[in-house]
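J.:
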Amino acid sequence: MTAADSDYVFKKNPLADKEASYGADEAAILNDAAFEAARETIRSWPGYAMTPLVSLSGVAKKAGVGALYYKDEAARFGLGSFKALGGAYAVWRVLCRKAEEEGKSPSDREAFSSLAQSVTVCCATDGNHGRSVAWGARTFGCNCVIFIHATVSEGRKREIEKYGARVVRCDGNYDDSVREAQESADREGWIVVSDTSYEGYMEIPKDVMQGYELMAAEALEQLPDSEPPTHVFLQTGVGGMAAAVTANYWRRLGEKRPTIVLADPVKSACWLETIDAGKPTAVEGDLDTLMAGLACGEVSELAWTILKHSADAVVALSDDTAVDGMKLLAEGRYGDAPLVAGESAVAGLMALLLVSEDPEARRALGLDGSSRVLVFGTEGATDPALYEELVGKTAADVVGKAA
1 MTAADSDYVF
11 KKNPLADKEA
21 SYGADEAAIL
31 NDAAFEAARE
41 TIRSWPGYAM
51 TPLVSLSGVA
61 KKAGVGALYY
71 KDEAARFGLG
81 SFKALGGAYA
91 VWRVLCRKAE
101 EEGKSPSDRE
111 AFSSLAQSVT
121 VCCATDGNHG
131 RSVAWGARTF
141 GCNCVIFIHA
151 TVSEGRKREI
161 EKYGARVVRC
171 DGNYDDSVRE
181 AQESADREGW
191 IVVSDTSYEG
201 YMEIPKDVMQ
211 GYELMAAEAL
221 EQLPDSEPPT
231 HVFLQTGVGG
241 MAAAVTANYW
251 RRLGEKRPTI
261 VLADPVKSAC
271 WLETIDAGKP
281 TAVEGDLDTL
291 MAGLACGEVS
301 ELAWTILKHS
311 ADAVVALSDD
321 TAVDGMKLLA
331 EGRYGDAPLV
341 AGESAVAGLM
351 ALLLVSEDPE
361 ARRALGLDGS
371 SRVLVFGTEG
381 ATDPALYEEL
391 VGKTAADVVG
401 KAA
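Just so we're aligned: the sequence shown equals residues 1 to 403 in UniProt numbering.
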């Protein structure tokens, strides 16, 4: 039976090793010096603000854990998702490297602006990463082409176009659009700004992931009494966000780092299959999950390097479960304040609730009434029409109820 035949699958990672040190291979991908540079840069951008860390005490009680914290990325730079941190920062780094090659400085605004106008960046996206790249391109003055696959909604396409990018729809799934973006860039002389890595393409995804680390660091600073979480549940996609959060906590907390649980959609469970095989393993097919931001069939090689020994388990969950998570937060079902969360935002939260009802999984993860759990609400209603269709009310209605 494959993951897609089930509503819930749980698997421990046999390669997980809590005693493993953060070594040279990991540091070559994400490290403190590069993170500090990313943090200083992003914090200098107009509109930067820490996103909220929300206590969900009602859901925590339902899950049988001591505390549950939800990092709400719905308002990040007005783009609606955590990906504003990654794609835009990577565009900035592309332009800075280009300037260095030509002996120019980003502080020379006229020269930097002229250089930026000669550069075209591109990427493949399920929606949010492309929006971030397009926003970064507009902010820093370069050109942008975004490739979307067959099942990306028209609403997400329009949101990307708002930032001045040209959007190209491709046949096939996300991984097909990644290949088409790379082929077009090779032909046209464009620069790919991708959040996934593959053979021959490693440097720019590191910049994307380095931007994501800021979200992880903020959450750790915001936790009450500076007590780190015992468990973190992280939605996957290609794995860049999960690897960035895990790397930050691994470096800062060492052997005391939290238990890491990955969350895959059952219809694109590339991390489940990878952990099952003990090596990067692709999932074939249309990957047609409602969790559009997680509809990826191939893991990032960089993310695998970090997560192969630091991810403790993986959960696969259904689209119906994700929709229930959106409704749960919108309703404030267990007495918590209502929150707006898109369909890709809730996989980690719902993985927690699924595991909480599985005695064997609870024991395997050491999840109990003293556990402090952290999840990341990685997007708001980034497709407003789809959000209303799935939840039965608009994001504005939910925000109004919370107020």
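Glycine included, each C-beta is placed from N, C-alpha and C at the ideal position.
Assuming Cys123 contacts Ala34 (C-beta within less than 8 Å), just tell me the rounded distance between them.
T.: As a first step, residue 123 must be located in the sequence shown, where it is residue number 123. As a first step, residue 34 must be located in the sequence shown, where it is residue number 34. About 20 Å separates the two Cβ atoms, so there is no contact after all.
J.: With a threshold of 6 Å on Cβ separation, who are the neighbours of Gly400 within its own chain once the five nearest residues in sequence on each side are excluded?
T.: If you number the sequence shown from 1, residue 400 lands on position 400. Nothing meets the Cβ criterion.
J.: How many Å lie between Arg363 and Ser107 at the Cα?
T.: Within the sequence shown, numbered from 1, the residue matching residue 363 stands at position 363. Within the sequence shown, numbered from 1, the residue matching residue 107 stands at position 107. Roughly 55 Å between the two C-alpha positions.
J.: In or out: Pro14 buried (at least 16 other Cβ within 10 Å) or exposed?
T.: Sequence index remark: in the sequence shown, residue 14 carries index 14 (1-based). The residue in question, Pro14, is exposed, as its Cβ has fewer than 16 Cβ neighbours within 10 Å.
J.: Using 10 angstroms around the beta-carbon of Gly80, count the other beta-carbons present and answer buried if the total reaches 16, otherwise exposed.
T.: Here residue 80 corresponds to residue number 80 of the sequence shown, with the count starting at 1. So Gly80 counts as buried.
J.: Alpha carbon to alpha carbon, how far is residue 408 from Ala74?
T.: The question about residue 408 has no answer, for the chain in this structure spans 1 to 403.
J.: Please state the DSSP three-state secondary structure of Cys96.
T.: Locating residue 96 in the sequence shown gives position 96, counting from the first residue. Of the three classes helix, strand and coil, the one that applies to Cys96 here is helix, per DSSP.
J.: Use the C-beta contact count for Ser268: other C-beta atoms within 10 angstroms, 16 or more gives buried, fewer gives exposed.
T.: Taking the sequence shown and counting its residues from 1, the one referred to as residue 268 is at position 268. Buried, by the Cβ-count rule.
J.: Could you pull out every residue in the same chain whose Cβ sits closer than 6 Å to the Cβ of Pro280, ignoring the five residues on either side in sequence?
T.: Taking the first residue of the sequence shown as 1, we reach residue 280 at position 280. Contacts found: Thr274, Val299 and Trp304.
J.: With 16 other CB atoms within 10 Å as the buried threshold, where does Ala337 fall?
T.: Taking the first residue of the sequence shown as position 1, residue 337 is located at position 337. Exposed, because fewer than 16 other Cβ atoms sit within 10 Å of the Cβ of Ala337.
J.: Work out the CA separation of Glu188 and Asp70 for me, nearest whole Å.
T.: Taking the sequence shown and counting its residues from 1, the one referred to as residue 70 is at position 70. Taking the sequence shown and counting its residues from 1, the one referred to as residue 188 is at position 188. Going by the sequence as given, residue 70 is Tyr instead of Asp. Answer to the nearest angstrom: the Cα atoms are 42 Å apart.
J.: Just to confirm, are Phe10 and Val315 a CB contact at a threshold of 9 Å?
T.: One-based indexing of the sequence shown puts residue 10 at position 10. One-based indexing of the sequence shown puts residue 315 at position 315. For Phe10 and Val315, yes; Cβs fall inside 9 Å.
J.: What ranges does the beta strand (DSSP E) occupy inside the segment 153-178, keeping only unbroken runs of at least 3 residues that lie completely in it?
T.: Entirely contained in the segment 153-178, the beta strand (DSSP E) runs reaching 3 residues are, in chain order, 166-169.
J.: On the premise that Ala311 lies in contact with Thr230, defined as a C-beta separation below 8 Å, what is that separation, rounded to the nearest angstrom?
T.: In the sequence shown, the residue the question calls residue 230 occupies position 230. In the sequence shown, the residue the question calls residue 311 occupies position 311. At roughly 15 Å, the Cβ-Cβ gap does not stay under 8 Å, so Thr230 and Ala311 are not in contact.
J.: Within the chosen definition, does the segment 281-292 reach the segment 250-270 through at least 3 CB pairs nearer than 8 Å?
T.: Cβ pair count under 8 Å is three or more, so yes.
J.: Going by DSSP, which residues form a beta bridge with Leu262?
T.: By 1-based counting over the sequence shown, the position of residue 262 is 262. DSSP output for Leu262 lists Leu234 and Val314 as bridge partner(s).
J.: Would you be able to state if there are at least three C-beta pairs under 8 Å between the segment 151-159 and the segment 94-103?
T.: Output reads no: the segment 151-159 does not touch the segment 94-103.
J.: Using 10 angstroms around the beta-carbon of Ala60, count the other beta-carbons present and answer buried if the total reaches 16, otherwise exposed.
T.: Sequence index remark: in the sequence shown, residue 60 carries index 60 (1-based). Result: buried.
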